[in-house]
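**Student:**
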Amino acid sequence: MGRAILVSIFWLATTVTGCTGIPEGLEPVNDFAPDRYMGKWYEIARLDHSFERNLNNVSATYTRKANGDIRVKNRGFNTKTSAWKEIEGNARFLVNETVGSLKVSFFGPFYGGYHIIALDRQNYRYAMVTGPNRSYLWILARHETLEESIYAELVSQASAWGFDTTQLIRVEQNLPDGCYSKNKRG
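Quick note: the sequence shown, position 43, residue 42 per numbering that gives the first Met the number 0, numbers continuous.
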């Protein structure tokens with residue numbers, strides 16, 4: 000029985016820590032300024048995952064906590080249920096604050112990687128983020144839309160890095176904040 004527990008603990012530790020790494024061949028941005036990254040970001044495009052399925056009007060808001068961690072609040076409008084879905088999590092830097100590589104948890108001790116692999120370094124207007132493997136990709140912007148030329152550049156770069164950009168979902172940003180259904184405003 001003790002061996003089964005040890006195997007379970009090893010498997011859990013490997014799974015949890017294995018989910019925070021960056022995909023092979025990619026590097027997170029350096030000279031990262033976390034305070035400039037704080038605030039609201041809009042999801043422009045993503046690769047599909049069950050936790051965001053049927054969501055439009057997706058945003059993420061990052062705020063600094065007193066202990067140095069980052070509060071992450073994700074919000075999106077579910078087109079099937081006509082209701083907003085929100086979740087709050089916690090992020091911590093993996094290396095240090097000058098490297099855009101974090102681990103994020105929405106469920107207790109289980110962390111996933113959040114790696115900023117492209118960033119508008121001058122104005123922090125757009126970013127491209129991946130998770131622990133190339134099935135995770137998000138293109139984010141400070142506004143609900145992103146210039147098509149910048150979007151095309153980011154998609155081209157992601158494709159060159161081995162992401163299946165043919166599967167990117169363009170996220171609609173068509174509801175004002177506070178709107179609770181397509182027919183009502185909150």
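C-beta: ideal position from N, C-alpha, C; glycine also.
Quantities reported herein were computed from a predicted structural model and do not represent experimental measurements.
1. Could you tell me which uninterrupted beta strand (DSSP E) segments, each at least 3 residues in length, are contained entirely in the stretch 22-74, listed from first to last along the chain?
2. When you compare only the Cα positions, how much space is there between glycine 75 and arginine 141?
3. Relative to the C-alpha of proline 131, which candidate in Ile69, Asn53 and Ile116 has its C-alpha closest?
4. Taking 8 angstroms as the cut-off, does the stretch 78-95 touch the stretch 122-129 (at least 3 CB pairs, one atom from each stretch)?
5. For lysine 64, count neighbouring Cβ atoms within 10 angstroms of its own Cβ and tell me buried if that reaches 16, exposed if not.
6. I need the straight-line Cα distance from threonine 165 to histidine 114, nearest angstrom please.
7. Give every residue of the same chain whose Cβ lies closer than 7 angstroms to the Cβ of alanine 157, excluding the five residues on either side of it in the sequence, and list them in chain order.
8. Would you report the Cα separation of asparagine 122 and glutamate 152, rounded to the nearest angstrom?
9. If we ignore side chains and look at the alpha-carbon of each, how far apart do alanine 77 and methionine 37 end up?
10. How should phenylalanine 162 be labelled, buried or exposed, when 16 other C-beta atoms within 10 angstroms of its C-beta is the threshold for buried?
11. Can you tell which of Ser134, Gly20, Ser81 and Trp40 has the C-alpha that lies nearest to the C-alpha of serine 49?
**Tutor:** According to the structure data:
1. 38-45 and 54-63
2. 16 angstroms
3. Ile116
4. no
5. exposed
6. 21 angstroms
7. Met127, Leu136 and Thr164
8. 17 angstroms
9. It is worth fixing the name first, because residue 77 is asparagine in this sequence and not alanine. Cα-Cα distance, rounded: 25 angstroms.
10. buried
11. Ser134
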